[in-house]
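Trainee: For the sequence shown, our numbering gives the first residue as 36, with consecutive numbering after it.
Don't be surprised by glycine CBs; every beta carbon is placed ideally from N, CA and C.
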Amino acid sequence: MPSLNRLIFIAAGLGVFIGWLLGAMPEDAGLRTGVLYSSTLVGSVFIGLLKMVLIPLVFTSIVVGVASLQAHHQVHRVWITTVLYFMMTTALAMLLALVVANVFKPGVGLSLDMFADAMDSFEARQMTMPEFFQYFFSGLFKNPFEAFANGDILSVLMFAIFVGIALVAGGERYRSVLQLMQEFLDLLLRIIGWIMWLAPLGILALLIRLVAEQDVDLLVTMLGFIVLVFATTLFHGVVTLPGILYAVTRKSPLWFWRGSREAIITAFATSSSSAALPISLRCAQDNLGVQRRIAGFVLPMGATMNMDGTALYEAAAALFVANLIGVELSLAQQLVVFLTAMIASSGAPGIPSAGMVTMVMVLQAVGLPAEAIAILLPVDRLLDTVRTAVNVEGDIIGSLVVQKLAGDEHQQGA
Ligand code: ASP
């Protein structure tokens, strides 16, 4: 029997192929309807299972991560290195997007009339910069039970950081609570191991639906932009990020790919960094040798805050919209795009199409019509695949880089 890792890879290829075959069938063909129905069922069970473990996992892994980092006096180093890595890689991704979009000018030959209908019937959910900050900060601290129940990762994360720090501050007194958390985390990882066996089937189902339901005419119209976004995102994922990994850790991209592909393919198929998180944690710890306390801290943070693919996309899409409308963005305006996309991407939760919502802010910051995202929405599900895969890749590489730069020397690779 082939390894799980290989099965996932085969399932992804097969999913795209079957989806493509189904897409070519008439919409009312019985076979097509039947396969799409079962794909929806299997896909939602797989995502449901990942979501089932997500919130308890984020909570326990952050508590255990923060508590043991704190106990090893590593917490400041790890924290600072993580934030610097997140900011630097996101900035590199956006810089690449802006340079490429300035050179190739996507959207220049297209006429806005083609999209008039979509824009007319679309009501943008407006989000200005002050509103965004209000939304972001008011979301940080909440009743933990409400946050748990609503799957509100950011506030779960904040609560977990407090609990982790308090556990260490209390020392011996809370020893048994910490031990309980560690054991609970272990138990969750075991459950994730079981869920993984469904991953090939889940990924197959999700990709069949995704590919079969694409609107081909629209894809052809937007082909230039889609190819540009794909190529730039892939460049970041295949050249820039592995380059940073190699420069810091001397680990080869192939070694990384072999250890992390389960997580990256899951991110591709689910379009959700959060849904892929349980698998990213497993890959980082079991296959790539990242210490639990580092992975348990960096990965959940990354899944909510570090999104290179999203930032890159938001910057490229802002320029695309400007070109469509026939506006040339000045250098100063592009700097505004750069800064807002940085904030918008880290504020986007790791769920499908989240980047689209926060993108309104980027468009508005430079005076572009928010309604223009109506043009991008129909192709978003497709673009979300690669950008989420790169988001997750960035997080896992982050855990390796942080371990190397800020980890405990004596336990490197343990
Ligand atoms: N789907 C992305 C993620 O989960 C977020 C986005 O760009 O929409 O990482």
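In its own chain, which residues sit with a C-beta less than 7 angstroms from the C-beta of Ala-346, not counting the 5 before and 5 after it?
Mentor: To locate residue 346, count along the sequence shown from 1; it is residue 311. Within the same chain, Ala-346 has close Cβ partners Thr-125, Ala-128, Met-129, Ala-376, Met-377 and Ser-380.
Trainee: Among Ala-201, Leu-253, Phe-303 and Pro-387, which one has its Cα closest to the Cα of Glu-30?
Mentor: Lying before the first or after the last residue shown, residue 30 is absent from the chain, which here runs from 36 to 449.
Trainee: Compare the C-alpha of Val-401 against each of Val-77, Val-437 and Glu-349 and name the closest.
Mentor: In the sequence shown, counting from the first residue as 1, residue 401 sits at position 366. Comparing Cα-Cα distances from Val-401 to each of Val-77, Val-437 and Glu-349, the minimum goes to Glu-349.
Trainee: In chain order, what are the residue ranges of uninterrupted alpha helix (DSSP H) at least 4 long that sit wholly in the segment 104 to 128?
Mentor: Those alpha helix (DSSP H) runs which fall completely within the segment 104 to 128 and span 4+ residues do not exist here.
Trainee: Work out the CA separation of Leu-42 and Arg-416 for me, nearest whole Å.
Mentor: To locate residue 416, count along the sequence shown from 1; it is residue 381. To locate residue 42, count along the sequence shown from 1; it is residue 7. If you take the alpha carbons of Arg-416 and Leu-42, they lie about 24 angstroms apart.
Trainee: Less than 8 angstroms separating the beta-carbons of Ala-353 and Leu-403?
Mentor: Position 318 of the sequence shown, counted from the first residue, corresponds to residue 353. Position 368 of the sequence shown, counted from the first residue, corresponds to residue 403. Contact: yes.
Trainee: Do Ala-195 and Thr-267 have their C-beta atoms closer together than 8 angstroms?
Mentor: Reading the sequence shown from its first residue, position 160 is the one you call residue 195. Reading the sequence shown from its first residue, position 232 is the one you call residue 267. No.
Trainee: Pick out whichever of Val-421, Leu-359 and Leu-269 has its Cα sitting closest to the Cα of Leu-131.
Mentor: Locating residue 131 in the sequence shown gives position 96, counting from the first residue. Of Val-421, Leu-359 and Leu-269, the residue nearest in Cα terms is Leu-269.
Trainee: Use the C-beta contact count for Leu-280: other C-beta atoms within 10 angstroms, 16 or more gives buried, fewer gives exposed.
Mentor: Walking along the sequence shown from the start, residue 280 turns up at place 245. Flag for Leu-280 reads buried.
Trainee: Exposed or buried, Ser-38, counting other C-beta atoms within 10 Å across all chains shown (16 or more means buried)?
Mentor: Position 3 of the sequence shown, counting from 1, holds the residue named residue 38. Classification for Ser-38: exposed.
Trainee: Sorted by chain position, which residues of the same chain lie with C-beta nearer than 8 angstroms to Ala-236's C-beta, five sequence neighbours on each side aside?
Mentor: Taking the first residue of the sequence shown as 1, we reach residue 236 at position 201. In the sequence on display, residue 236 carries Leu and not Ala. Same-chain partners within the cutoff: Ala-46, Val-77 and Phe-81.
Trainee: Could you check whether Met-231 and Ile-25 sit closer than 8 angstroms to each other, using their CB atoms as the reference points?
Mentor: The question about residue 25 has no answer here: the residues shown for the chain are numbered 36 through 449.
Trainee: Output the boundary residues of the alpha helix (DSSP H) element that contains Lys-439.
Mentor: Working through the sequence shown from its first residue, we reach residue 439 at position 404. Element bounds for Lys-439: 408 to 441.
Trainee: Using only the alpha-carbon positions, how far apart do Arg-223 and Pro-91 sit?
Mentor: As a working note, residue 223 is residue 188 in the sequence shown. As a working note, residue 91 is residue 56 in the sequence shown. Residue identity differs from the one stated: residue 223 is Leu in this sequence, not Arg. Those two C-alpha atoms are separated by around 8 angstroms.
Trainee: Is it the case that the CB of Ile-386 approaches a heavy atom of the ligand ASP more closely than 7 angstroms?
Mentor: Indexing the sequence shown from 1 puts residue 386 at position 351. Ile-386: yes, Cβ under 7 angstroms from the ligand ASP.
Trainee: Among Leu-145, Leu-85, Arg-317 and Val-113, which one has its Cα closest to the Cα of Gly-186?
Mentor: As a working note, residue 186 is residue 151 in the sequence shown. The option with the nearest alpha carbon to Gly-186 is Leu-85.
Trainee: Can you list, in chain order, the residues of its chain with a C-beta nearer than 7 angstroms to that of Gln-369? Leave out the 5 residues immediately preceding and following it.
Mentor: Against the sequence shown, residue 369 aligns to sequence position 334. Within the same chain, Gln-369 has close Cβ partners Leu-133.
Trainee: Closer than 7 angstroms by C-beta to Val-113: which residues in its own chain qualify, once you throw out the five before and the five after it? Chain order, please.
Mentor: Reading the sequence shown from its first residue, position 78 is the one you call residue 113. Cβ neighbours of Val-113 beyond the five flanking positions: Leu-104, Ile-329, Phe-332, Val-437 and Ala-441.
Trainee: Less than 7 angstroms separating the Cβ of Met-396 from some heavy atom of the ligand ASP?
Mentor: Start at 1 with the first residue of the sequence shown, and residue 396 comes out as number 361. No, the ligand ASP has no heavy atom inside 7 angstroms of this Cβ.
Trainee: Any idea if His-111 is buried or exposed, counting beta-carbon neighbours within 10 angstroms, 16 or more meaning buried?
Mentor: Within the sequence shown, residue 111 is the residue found at index 76, counting from 1. Answer is exposed; the Cβ neighbour count stays below 16.
Trainee: Would you tell me roughly how many angstroms separate the C-alpha atoms of Ala-136 and Ser-287, rounded to the nearest one?
Mentor: As a position in the sequence shown, residue 136 is number 101, starting the count at 1. As a position in the sequence shown, residue 287 is number 252, starting the count at 1. Using only the alpha carbons, I get a separation of about 30 angstroms.
Trainee: Is Asn-426 close to the ligand ASP? I mean its beta-carbon at under 7 angstroms from any heavy atom of the ligand.
Mentor: Indexing the sequence shown from 1 puts residue 426 at position 391. Correct: Asn-426 has its Cβ closer than 7 angstroms to the ligand ASP.
Trainee: May I ask which residues mark the beginning and end of the alpha helix (DSSP H) holding Asp-252?
Mentor: For this step, residue 252 is matched to residue 217 along the sequence shown. Segment 251 to 256, the alpha helix (DSSP H) holding Asp-252.
Trainee: Give me the Cα-Cα distance between Gly-174 and Ile-243, rounded to the nearest whole angstrom.
Mentor: Numbered from 1 along the sequence shown, position 139 holds the residue referred to as residue 174. Numbered from 1 along the sequence shown, position 208 holds the residue referred to as residue 243. Each residue's alpha carbon lies about 35 angstroms from the other.
Trainee: Quick check: what's the CA-CA separation for Ser-9 versus Ser-306?
Mentor: Look at the range of the chain in this structure, 36 to 449, and you will see that residue 9 is not part of it.
Trainee: Is it buried or exposed for His-108, if we count other Cβ within 10 angstroms and need 16 for buried?
Mentor: Position 73 of the sequence shown, counting from 1, holds the residue named residue 108. Exposed, by the Cβ-count rule.
Trainee: For the alpha helix (DSSP H) containing Thr-393, name the first residue and the last one.
Mentor: Taking the first residue of the sequence shown as 1, we reach residue 393 at position 358. From DSSP, the alpha helix (DSSP H) with Thr-393 extends over 389 to 400.
Trainee: Quick one: Cα of Gly-228 to Cα of Thr-339, how far?
Mentor: Numbered from its first residue, the sequence shown carries residue 228 at position 193. Numbered from its first residue, the sequence shown carries residue 339 at position 304. Going from the Cα of Gly-228 to the Cα of Thr-339 covers about 23 angstroms.
Trainee: Regarding Arg-416 and the ligand ASP, is the C-beta to nearest heavy atom distance less than 7 angstroms?
Mentor: On the sequence shown, position 381 is the one that residue 416 refers to. It does not: the Cβ of Arg-416 is nowhere closer than 7 angstroms to a heavy atom of the ligand ASP.
Trainee: What distance in whole Å lies between the Cβ atoms of Pro-384 and Val-93, which are believed to be in contact at a cut-off of 8 angstroms?
Mentor: Counting from one through the sequence shown, the residue named residue 93 turns up at place 58. Counting from one through the sequence shown, the residue named residue 384 turns up at place 349. Contact doesn't hold; Cβ gap of about 12 angstroms is too wide.
Trainee: Which same chain residues end up closer than 6 angstroms to Gly-344 when comparing Cβ atoms and leaving out the 5 residues on each side of it in sequence?
Mentor: Position 309 of the sequence shown, counted from the first residue, corresponds to residue 344. Closer than 6 angstroms at the Cβ level, and outside the excluded window around Gly-344, lie Thr-268, Arg-422, Val-425 and Asn-426.
Trainee: For Ala-182, I'd like the list of residues in its chain whose CB is within less than 6 angstroms of its CB, leaving aside the five on either flank, ordered along the chain.
Mentor: Sequence index remark: in the sequence shown, residue 182 carries index 147 (1-based). Excluding positions up to five away in sequence, the list reads Ser-190 and Val-191.
Trainee: I'd like the span of the alpha helix (DSSP H) that includes Ser-380, first residue to last.
Mentor: As a first step, residue 380 must be located in the sequence shown, where it is residue number 345. First-last of the alpha helix (DSSP H) with Ser-380: 366 to 382.
Trainee: Apart from the five residues just before and just after Val-99, which ones in its own chain have a Cβ nearer than 6 angstroms to its Cβ?
Mentor: What you label residue 99 is simply residue 64 of the sequence shown in a count that begins at 1. Closer than 6 angstroms at the Cβ level, and outside the excluded window around Val-99, lie Met-216, Gln-217, Leu-220 and Gly-331.
Trainee: When you compare only the Cα positions, how much space is there between Leu-374 and Ala-310?
Mentor: For this step, residue 374 is matched to residue 339 along the sequence shown. For this step, residue 310 is matched to residue 275 along the sequence shown. Using only the alpha carbons, I get a separation of about 27 angstroms.
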